[in-house]
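So the protein lines, in turn, are chains A and B.
For the first sequence, my numbering gives the first residue as 5, with consecutive numbering after it.
For the second sequence, my numbering gives the first residue as 5, with consecutive numbering after it.
Backbone N, C-alpha and C define an ideal beta-carbon position, used for all residues, glycine too.
Data first, discussion second: the structure below is written as structure tokens.
There are 2 protein chains.
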Amino acid sequence: MSGPPVNTTAPRARDEQERATTVASDGFGPRPRPTIRNVAERAGVSKSLVSLVLRGSPHVSEHRRQAVLTAARELGYRPNAVARSLVEGRTHLVGALVADLHNPFYAEFLDGLQESLHGDGLRLLIGNSQWDPAFEDEAVEAFLELRVDGLVLLGIAPTSETLIEATSYTPTVVVGERDIELDSVDIVVDDDQLGARLAVDHLVEHGHRRIAHIEGARSSAARFRCEGYLVAMRRHALAPYIMVEHGDFSEEGGRRAAHALLSRDPRPTAIFAANDVVALGVLTAATEMGLSVPEDLSVVGYDNTHLSSVHHISLTTVDQPRRAMGRSAAALLSDRIGDPAKVARLRQVTPQLVVRRSTGPVPQGADNV
Amino acid sequence: MSGPPVNTTAPRARDEQERATTVASDGFGPRPRPTIRNVAERAGVSKSLVSLVLRGSPHVSEHRRQAVLTAARELGYRPNAVARSLVEGRTHLVGALVADLHNPFYAEFLDGLQESLHGDGLRLLIGNSQWDPAFEDEAVEAFLELRVDGLVLLGIAPTSETLIEATSYTPTVVVGERDIELDSVDIVVDDDQLGARLAVDHLVEHGHRRIAHIEGARSSAARFRCEGYLVAMRRHALAPYIMVEHGDFSEEGGRRAAHALLSRDPRPTAIFAANDVVALGVLTAATEMGLSVPEDLSVVGYDNTHLSSVHHISLTTVDQPRRAMGRSAAALLSDRIGDPAKVARLRQVTPQLVVRRSTGPVPQGADNV
DNA sequence: CGCGGGGGAGACACATGTCAGGACCGCCAG
DNA sequence: CTGGCGGTCCTGACATGTGTCTCCCCCGCG
């Protein structure tokens with residue numbers, strides 16, 4: 005066992021007397037939380053009335069209402085969401101299962117998601133599967149036991165038994181995966197094929213012909229981007245120049261694939277990577293092979309991760325409107341929670357090319373080979 | 005209202021018949037979830053016995069145990085965590101309030117946190133305050149209503165009324181902030197002062213004297229790093245060369261501060277930034293002013309964010325063992341949940357210098373000015 | 001036959017929302 | 001003036017799904 009690099013664990017100085025007066029504790033840890041009953045007693049009413057006041061019922065006299073509110077405030081009363089959930093049959097919780105919290109794409113998506121869910125009175129619970137199907141199932145299991153009102157699957161297709169069963173119990177939105185033939189599952193994706201086309205078109209405008217593609221990991225998004233690349237190349241009558249190498253959505257994978265591509269003769273003058281992270285690997289490979297970007301090689305990524313906007317990198321890339329996608333997912337989910345029998349919907353957002361400094365005109369003499 | 009860039013929302017094709025057979029639904033959305041009662045009836049026992057079996061009681065005959073387990077499996081029974089929480093008085097939930105989910109530092113910390121919490125049977129609930137004190141209070145309010153068993157504050161010091169009150173009800177761990185005079189609050193930090201010393205020592209070893217510091221936002225971590233810088237400079241008898249500029253933990257802030265520093269005459273030959281993100285801004289400023297790194301200027305960051313390891317950036321930085329910190333926080337919290345009356349503890353981890361390519365020897369003739 | 005113990009059942013508690021009904025008041029008609 | 005009626009305000013009982021505790025039954029053994 006590798007111990008954590010902890011070098012100090014010390015009790016902090018404490019003034020026991022201050023503690024007693026500040027917290028008004030009995031010395032046995034946190035004080036018990038006041039219940040609706042305590043409020044009722046203090047206000048001299050029944051607990052039902054307290055409930056009515058707190059739920060904003062109009063059939064309460066102003067006199068009692070004030071008494072209840074005052075008592076609640078004085079006691080620092082906070083309704084117990086657990087008990088409320090039990091009787092309401094709703095938890096107002098949404099579970100988001102993320103394939104990889106590290107990917108900044110998901111973080112920004114979650115911003116938009118949480119923002120919108122919050123507006124609908126829903127709270128976000130995040131689980132991280134770390135790309136491990138076992139963790140996926142376990143996290144979903146936890147969500148189901150908690151009786152979350154909705155489920156959001158990020159970069160995860162419901163293929164396992166557990167996940168499929170989950171979608172039959174709980175309104176679900178899948179993000180970034182297509183081809184899901186399940187009812188009560190809405191889908192949010194960007195138009196990957198169009199995004200790929202934008203990238204290729206941009207490179208063609210700069211005179212590039214030998215445009216290669218590094219494919220992403222086994223996911224429908226990667227498949228669609230590759231397909232978009234192929235279609236666009238053919239449309240520009242560049243079918244003879246089609247080159248596809250396989251990467252795995254990682255920087256190292258991108259680096260390896262780029263090495264392979266750039267060792268060809270003639271080598272590509274431009275590379276469209278499945279991913280910003282992969283594109284970063286391409287940049288590294290280019291440096292290692294003594295090629296400068298964009299003079300010798302143009303590079304395009306996908307996602308417009310904040311990485312790509314860093315000055316030193318300045319990567320031309322395809323932007324997915326992540327926040328908007330998050331908001332869409334929230335809207336679809338709220339809708340489905342309201343009426344679970346709704347027809348499954350597919351919401352597709354439009355990607356946009358962001359031109360930075362990793363792309364430029366084709367090198368002189370490179371296209372007459 | 006700026007509409008989201010949605011271009012398609014279409015009903016997906018559905019085979020209603022398939023739906024009916026697959027989901028066995030009555031056409032009114034998700035089927036009701038089986039309860040412990042349903043399992044009891046199917047197994048021909050009382051619900052108490054089902055509970056005993058599921059909780060692993062030894063005083064159950066093998067015959068009945070099998071009957072119960074079979075019935076539960078056939079019904080797809082999953083215990084209702086809400087009801088269980090209500091009776092147990094524990095939710096097994098931990099709320100983490102993060103100042104900024106975008107900062108990769110927090111994401112990696114959360115990895116370690118979740119990993120360890122999971123081992124203790126606790127689940128992680130994440131709230132994002134976006135640096136807004138109003139959001140902080142609201143998120144904490146939500147956590148309190150949910151009756152989370154523990155609270156983790158990331159980059160947030162409990163100063164507001166609501167937060168202070170929260171710590172008196174709920175075991176709390178604060179990460180990255182010091183000087184908290186509250187009971188039942190444990191603290192996890194790295195030794196910021198030591199980290200700063202490591203950075204300065206490294207630069208001094210390379211012959212640098214005119215070493216500047218860009219201070220972070222108003223937080224105790226930033227204050228300690230600055231103090232560490234000052235102490236280290238004095239220890240090396242470099243007090244006359246002390247230069248401190250203010251940044252705000254953002255890339256843009258770092259860029260501005262670097263511009264100011266690099267416009268001085270004589271200008272610093274090295275900059276120690278409060279943060280990796282700030283350091284990125286310094287790199288940008290250097291490029292803009294025609295200075296190359298590390299030939300003309302050495303740059304050191306803090307955090308060892310994954311950003312710093314990107315090949316094109318390759319930033320020398322001070323590593324905080326984030327995952328280990330996450331695990332420490334989890335351990336402290338579990339401990340305190342077990343015994344809330346524990347004395348408050350401070351756990352300090354040791355930072356480590358990671359040398360990459362943004363630092364090098366002092367430029368020729370720069371130190372004889 | 002009595003007693004002990006294993007195995008199982010029923011009742012209660014957790015904190016809240018809801019709903020049916022009850023108390024009280026005022027107004028109107030007899 | 002009084003009884004009835006309608007409306008307002010409030011209360012008590014019940015329900016949500018589970019864990020636990022007490023009690024009971026029955027079987028086996030002494």
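Leaving out five residues before and five after residue 358 (chain A) in sequence, what residues of the same chain have Cβ atoms less than 6 Å from its Cβ?
On the first sequence, position 354 is the one that residue 358 (chain A) refers to. Contacts found: 308, 321 and 323.
Could you tell me whether the Cβ of residue 205 (chain B) comes closer than 9 Å to any Cβ of chain A?
By one-based count along the second sequence, residue 205 (chain B) stands at place 201. Answer no: the Cβ-Cβ gap between residue 205 (chain B) and chain A never drops below 9 Å.
With a threshold of 16 other CB atoms inside 10 Å of the CB of residue 219 (chain B), please say whether the residue is buried or exposed.
As a first step, residue 219 (chain B) is located in the second sequence; it is residue number 215 there, counting from the start. Buried, since its Cβ has 16 or more Cβ neighbours within 10 Å.
Beta carbon of residue 251 (chain B) nearer than 9 Å to that of residue 204 (chain B)
As a first step, residue 251 (chain B) is located in the second sequence; it is residue number 247 there, counting from the start. As a first step, residue 204 (chain B) is located in the second sequence; it is residue number 200 there, counting from the start. No. Outside cutoff.
Would you please verify whether the beta carbon of residue 157 (chain B) is less than 9 Å from any beta carbon of chain A?
Sequence index remark: in the second sequence, residue 157 (chain B) carries index 153 (1-based). False, the Cβ-Cβ gap to chain A never drops below 9 Å.
How far does the alpha helix (DSSP H) with residue 324 (chain B) in it extend, from its first residue to its last?
Taking the second sequence and counting its residues from 1, one reaches residue 324 (chain B) at position 320. Unbroken run through residue 324 (chain B): none, as it is neither H nor E.
Chain A contact for residue 80 (chain B) (CB, 9 Å cutoff)
Here residue 80 (chain B) corresponds to residue number 76 of the second sequence, with the count starting at 1. Answer yes: the Cβ-Cβ gap between residue 80 (chain B) and chain A drops below 9 Å somewhere.
Are there three or more Cβ pairs, one per stretch, closer than 8 Å when the stretch 99 to 117 of chain B is compared with the stretch 146 to 163 of chain B?
yes
Unbroken stretches of the alpha helix (DSSP H), 4 residues or longer, contained in the stretch 150 to 189 of chain A
165 to 173
Hey, is residue 106 (chain B)'s beta-carbon within less than 9 Å of any beta-carbon in chain A?
The residue you call residue 106 (chain B) lines up with position 102 of the second sequence. By this cut-off, residue 106 (chain B) is an interface position.
Per DSSP, the bridge partner or partners of residue 306 (chain A)
Counted from its first residue, the first sequence places residue 306 (chain A) at position 302. Its beta-bridge partners are A:322.
Run the CB neighbour count on residue 27 (chain B), radius 10 Å, all protein chains shown included, and call it buried at 16 or more, exposed below.
To locate residue 27 (chain B), count along the second sequence from 1; it is residue 23. Note on residue 27 (chain B): pLDDT 37, under 50, position unreliable in the model; the coordinate value appears next. Classification of residue 27 (chain B): buried, given that the 10 Å Cβ count is 16 or more.
Residues of its chain near residue 266 (chain B), where Cβ-Cβ distance is below 6 Å and the 5 sequence neighbours each way are ignored
Here residue 266 (chain B) corresponds to residue number 262 of the second sequence, with the count starting at 1. The answer, listed in chain order, is 293.
Who are the near neighbours of residue 132 (chain A) in its chain, counting only those whose CB is closer than 6 Å to its CB and skipping five residues on each side?
In the first sequence, counting from the first residue as 1, residue 132 (chain A) sits at position 128. For residue 132 (chain A), where only same-chain residues beyond five positions count, the Cβ hits under 6 Å are 102 and 105.
Taking 8 Å as the cut-off, does the stretch 269 to 281 of chain B touch the stretch 301 to 318 of chain B (at least 3 CB pairs, one atom from each stretch)?
yes
Leaving out the 5 sequence neighbours to the left and right, which residues in its chain are closer than 6 Å to residue 352 (chain B) when beta-carbon positions are compared?
Here residue 352 (chain B) corresponds to residue number 348 of the second sequence, with the count starting at 1. Taken in chain order, the residues that qualify are 193 and 195.
Nearest to residue 364 (chain A) by alpha carbon, out of A:68, A:319, A:180 and A:43?
Taking the first sequence and counting its residues from 1, one reaches residue 364 (chain A) at position 360. Nearest option by C-alpha distance: A:319.
Round the Cβ separation of residue 167 (chain A) and residue 144 (chain A) to the nearest angstrom and send it over; I've been treating them as touching at under 8 Å.
On the first sequence, position 163 is the one that residue 167 (chain A) refers to. On the first sequence, position 140 is the one that residue 144 (chain A) refers to. Sure, about 6 Å apart at Cβ, within 8 Å.
Give the range of the beta strand (DSSP E) segment to which residue 107 (chain A) is assigned.
In the first sequence, the residue the question calls residue 107 (chain A) occupies position 103. No beta strand (DSSP E) holds residue 107 (chain A); DSSP gives it neither H nor E.
Any chance the stretch 122 to 139 of chain A sits against the stretch 75 to 84 of chain A, with 3 or more Cβ pairs inside 8 Å?
no
Pick from B:217, B:239 and B:288: whose alpha carbon is nearest that of residue 316 (chain B)?
Working through the second sequence from its first residue, we reach residue 316 (chain B) at position 312. Taking only the C-alpha atoms, the option nearest residue 316 (chain B) is B:288.
Which listed residue (B:55, B:189 and B:139) has its alpha carbon closest to that of residue 339 (chain B)
The residue given as residue 339 (chain B) occupies position 335 in the second sequence. Nearest option by C-alpha distance: B:189.
Looking at C-alpha atoms only, which residue of B:43, B:368 and B:296 is the closest neighbour of residue 212 (chain B)?
Taking the second sequence and counting its residues from 1, one reaches residue 212 (chain B) at position 208. Among B:43, B:368 and B:296, the Cα nearest to that of residue 212 (chain B) belongs to B:368.
Looking at the unbroken beta strand (DSSP E) that takes in residue 247 (chain A), where does it start and where does it end?
Your numbering for residue 247 (chain A) matches position 243 in the first sequence. Segment 247 to 250, the beta strand (DSSP E) holding residue 247 (chain A).
Test item: CB-CB of residue 93 (chain A) and residue 126 (chain A) under 9 Å
Within the first sequence, the letter at position 89 stands for residue 93 (chain A). Within the first sequence, the letter at position 122 stands for residue 126 (chain A). The answer is no: Cβ separation not under 9 Å.
Do you know how far the Cα of residue 255 (chain B) is from the Cα of residue 280 (chain B)?
Locating residue 280 (chain B) in the second sequence gives position 276, counting from the first residue. Locating residue 255 (chain B) in the second sequence gives position 251, counting from the first residue. Spanning the two alpha carbons is a distance of roughly 9 Å.
Against chain B, does residue 132 (chain A) count as a neighbour if the rule is that its beta carbon must be under 9 Å from one of theirs?
Along the first sequence, one-based indexing puts residue 132 (chain A) at 128. Chain B contact via Cβ: present.
Leaving aside the five residues before and after residue 312 (chain A) along the sequence, list all residues of the same chain whose C-beta is less than 6 Å from its C-beta, in chain order.
On the first sequence, position 308 is the one that residue 312 (chain A) refers to. Same-chain partners within the cutoff: 280, 305, 319 and 321.
Using a Cβ-Cβ cut-off of 9 Å, state whether residue 26 (chain A) counts as contacting chain B.
As a working mapping, residue 26 (chain A) is identified with position 22 in the first sequence. Residue confidence is low: residue 26 (chain A) scores 35 on pLDDT, short of 50, so the model does not pin down where it sits. No coordinate-derived value is stated.
Members of the stretch 286 to 319 of chain A that neighbour chain B once the beta carbon cut-off is set at 8 Å
287, 288, 291, 310, 311, 314, 315, 316 and 317
In angstroms, rounded to a whole number, what distance separates the CA positions of residue 229 (chain B) and residue 121 (chain B)?
On the second sequence, residue 229 (chain B) is found 225 positions in, with the first residue counted as 1. On the second sequence, residue 121 (chain B) is found 117 positions in, with the first residue counted as 1. Approximately 30 Å, taken between the alpha carbons.
Output, in chain order, the set of chain A residues within a Cβ distance shorter than 7 Å of residue 282 (chain B).
Counted from its first residue, the second sequence places residue 282 (chain B) at position 278. Those within 7 Å of residue 282 (chain B) in chain A number zero; the least Cβ separation is about 13 Å.
Excluding the 5 residues flanking residue 237 (chain B) on each side, which residues of the same chain have their C-beta closer than 8 Å to its C-beta?
Locating residue 237 (chain B) in the second sequence gives position 233, counting from the first residue. Cβ neighbours of residue 237 (chain B) beyond the five flanking positions: 204, 215, 243, 245 and 246.
Using the rule of at least 16 other Cβ atoms within 10 Å of the residue's Cβ for burial, across every protein chain shown, is residue 355 (chain A) buried or exposed?
Counting from one through the first sequence, the residue named residue 355 (chain A) turns up at place 351. Classification of residue 355 (chain A): buried, given that the 10 Å Cβ count is 16 or more.
Separation of residue 174 (chain B) from residue 98 (chain B), as counted between CA atoms
Counting from 1 along the second sequence, the entry for residue 98 (chain B) is found at position 94. Counting from 1 along the second sequence, the entry for residue 174 (chain B) is found at position 170. Approximately 10 Å between the Cα atoms of the pair.
Chain A contact for residue 89 (chain B) (CB, 9 Å cutoff):
Within the second sequence, residue 89 (chain B) is the residue found at index 85, counting from 1. Yes, residue 89 (chain B) counts as interfacial toward chain A.
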